[in-house]
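J.: My questions all concern the structure below.
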Amino acid sequence: MIKINYINQYNNNRKYKKIITNILKKGYKDLALSEKTIVSVVLVNNDAIHELNKQYRNIDKSTDVLSFENDSDLYEIGDIFISIDKVLEQSKEMGHSCERELAFLAVHGFLHCLGYDHILDKDEVEMTKKQKMIMKNTKYAR
Numbered sequence: 388m389i390k391i392n393y394i395n396q397y398n399n400n401r402k403y404k405k406i407i408t409n410i411l412k413k414g415y416k417d418l419a420l421s422e423k424t425i426v427s428v429v430l431v432n433n434d435a436i437h438e439l440n441k442q443y444r445n446i447d448k449s450t451d452v453l454s455f456e457n458d459s460d461l462y463e464i465g466d467i468f469i470s471i472d473k474v475l476e477q478s479k480e481m482g483h484s485c486e487r488e489l490a491f492l493a494v495h496g497f498l499h500c501l502g503y504d505h506i507l508d509k510d511e512v513e514m515t516k517k518q519k520m521i522m523k524n525t526k527y528a529r
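The numbering used here puts the sequence shown at residues 388 to 529.
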């Protein structure tokens, strides 16, 4: 079971919470997770994610999603920060809905919190496979 600590610092749009809850609670079913898995998802604007990216990664620009894996707690796997500004921008660029883009970024961040990465080609193949599987389990698949 996944518990989501949801914080919307962007606006009061309730549909964002529904999308994140749907993708993370229903989409993960094929992953091996402990009985209690806790993740925090924080929705922010470009300025806020830019500051986080600069502070923690030394990259002076905004990004779409940042994940911070938590290795010190058995159940709390980490924090995911998603820029809604980037969600809106990238959904237009990619030609799909903002709901699908938000769902994808939530999955991407979630997998990072579980220790998946895409730095090496073989790791990227594995992470991409997991992302597709999770998206397929929900209505947000392509």
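Just so it is clear, CB atoms sit at the ideal spot from N, CA and C, and this is done for glycine as well.
Are the stretch 395–408 and the stretch 438–452 in contact at 8 Å, needing three or more beta carbon pairs?
T.: no
J.: Quick one: what's Lys390 bridged to in DSSP?
T.: For the purposes of this step, residue 390 is identified with residue 3 of the sequence shown, where counting begins at 1. Lys390 pairs with Ile425.
J.: What span of residues does the alpha helix (DSSP H) with Arg478 cover, start to end?
T.: Along the sequence shown, one-based indexing puts residue 478 at 91. Note on residue identity: the sequence assigns Ser, not Arg, to residue 478. It spans 471–481 - the alpha helix (DSSP H) in which Ser478 sits, taken as one unbroken run.
J.: Measuring only the C-alpha atoms, how far is Leu489 from Val431?
T.: Taking the first residue of the sequence shown as position 1, residue 489 is located at position 102. Taking the first residue of the sequence shown as position 1, residue 431 is located at position 44. The straight-line gap from Cα to Cα measures roughly 12 Å.
J.: Could you tell me which residues DSSP puts in a beta bridge with Asp466?
T.: As a working note, residue 466 is residue 79 in the sequence shown. Asp466 is bridged to Ser427, Phe455.
J.: By alpha-carbon positions, which one of Thr424, Asn399, Tyr397 ends up nearest to Ile391?
T.: Locating residue 391 in the sequence shown gives position 4, where the first residue counts as 1. Answer by Cα proximity: Thr424.
J.: What are the start and end residues of the alpha helix (DSSP H) that includes Leu461?
T.: Within the sequence shown, residue 461 is the residue found at index 74, counting from 1. It is not in any alpha helix (DSSP H) - Leu461 carries neither H nor E in the DSSP assignment.
J.: Run the CB neighbour count on Ile407, radius 10 Å, all protein chains shown included, and call it buried at 16 or more, exposed below.
T.: Here residue 407 refers to the residue found at position 20 of the sequence shown. Burial check for Ile407: the Cβ neighbour count within 10 Å reaches 16 or more, so the residue is buried.
J.: Would you say His495 and Val426 are within 7 Å of each other, going by their C-beta atoms?
T.: Counted from its first residue, the sequence shown places residue 495 at position 108. Counted from its first residue, the sequence shown places residue 426 at position 39. Contact: no.
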